[in-house]
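Numbered according to our numbering, the sequence shown spans residues 357 to 471. A short worksheet on the structure shown next.
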Amino acid sequence: AKPDQVKENLIDGIYGYNDSKECYCSDQVTGAWFVVDLGETRWVNGVRITAMNNSWAGQYFSNVEVRIGGSLVTTGDFSPYTLLGQFTGPATPGQEVLVQPVVPAEGRFIYVQRT
Numbered sequence: 357a358k359p360d361q362v363k364e365n366l367i368d369g370i371y372g373y374n375d376s377k378e379c380y381c382s383d384q385v386t387g388a389w390f391v392v393d394l395g396e397t398r399w400v401n402g403v404r405i406t407a408m409n410n411s412w413a414g415q416y417f418s419n420v421e422v423r424i425g426g427s428l429v430t431t432g433d434f435s436p437y438t439l440l441g442q443f444t445g446p447a448t449p450g451q452e453v454l455v456q457p458v459v460p461a462e463g464r465f466i467y468v469q470r471t
């Protein structure tokens, strides 16, 4: 990630702005990922992700897989966890993507990874 596009911007309630400093941006590589700790085990029926509201959206937000698990993993291999869904993309500027499983899934950690 670039120095001004830090992980703290992931869940700050600010989205839809043209300033890319308000978003999180990982390196543009296959396998890039981040994890969100919900703080406790919860039932999840969807994860909403908003693409950057600029011309970079399609380049940075595509081929994404969203999973949920009960324990923290930091290796990048999230295959044992429940797949909530996928977004092939590419995203359009400011697009809101709702990834929903067929049935709600339970877990504490949401994993989002570029495949």
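Heads up, the beta-carbon is just placed ideally off N, CA and C, and yes, glycines get one too.
Check whether Thr471 and Thr406 have beta carbons under 9 Å apart: To locate residue 471, count along the sequence shown from 1; it is residue 115. To locate residue 406, count along the sequence shown from 1; it is residue 50. No, the Cβ-Cβ distance between Thr471 and Thr406 is not below 9 Å.
Range covered by the beta strand (DSSP E) that runs through Ala477: It is not possible to answer for residue 477, since the shown part of the chain is limited to 357 through 471.
Integer Cβ distance of Gln442 from Val420, believed to fall under 8 Å: In the sequence shown, counting from the first residue as 1, residue 442 sits at position 86. In the sequence shown, counting from the first residue as 1, residue 420 sits at position 64. Confirmed, Cβ separation roughly 7 Å.
Pair within 9 Å by beta-carbon distance, Arg464 and Ser418: Residue mapping note: residue 464 aligns to position 108 of the sequence shown, counting from 1. Residue mapping note: residue 418 aligns to position 62 of the sequence shown, counting from 1. Not a contact, by the Cβ cut-off of 9 Å.
Trp412 versus Pro449 - alpha carbon distance: The count along the sequence shown starts at 1 and reaches residue 412 at position 56. The count along the sequence shown starts at 1 and reaches residue 449 at position 93. Near 8 Å, if we compare the C-alpha coordinates of Pro449 and Trp412.
Exposure of Val362, with buried meaning 16 or more beta-carbon neighbours within 10 Å: Within the sequence shown, the letter at position 6 stands for residue 362. Annotation note: pLDDT 48 at Val362 (below 50); position unreliable, coordinate value reported separately. Exposed, because fewer than 16 other Cβ atoms sit within 10 Å of the Cβ of Val362.
Residues near Tyr373 in its chain [Cβ-Cβ closer than 7 Å; skip 5 each side]: Translated into positions along the sequence shown, residue 373 becomes position 17. Caution is warranted here: a pLDDT of 49 is assigned to Tyr373, below 50, making its placement in the model unreliable, and no coordinate value can be reported.
Host beta strand (DSSP E) of Tyr467 (start-end): The sequence position of residue 467 within the sequence shown is 111, counting from 1. Residues Ala461 to Arg470.
Opening and closing residue of the beta strand (DSSP E) in which Gln442 lies: For the purposes of this step, residue 442 is taken as residue 86 along the sequence shown, with counting starting at 1. Thr438 to Phe443 is the extent of the beta strand (DSSP E) around Gln442.
Test item: CB-CB of Leu454 and Arg398 under 9 Å: Here residue 454 refers to the residue found at position 98 when the sequence shown is read from its first residue. Here residue 398 refers to the residue found at position 42 when the sequence shown is read from its first residue. Their beta carbons are not under 9 Å apart, which means Leu454 does not touch Arg398 by this criterion.
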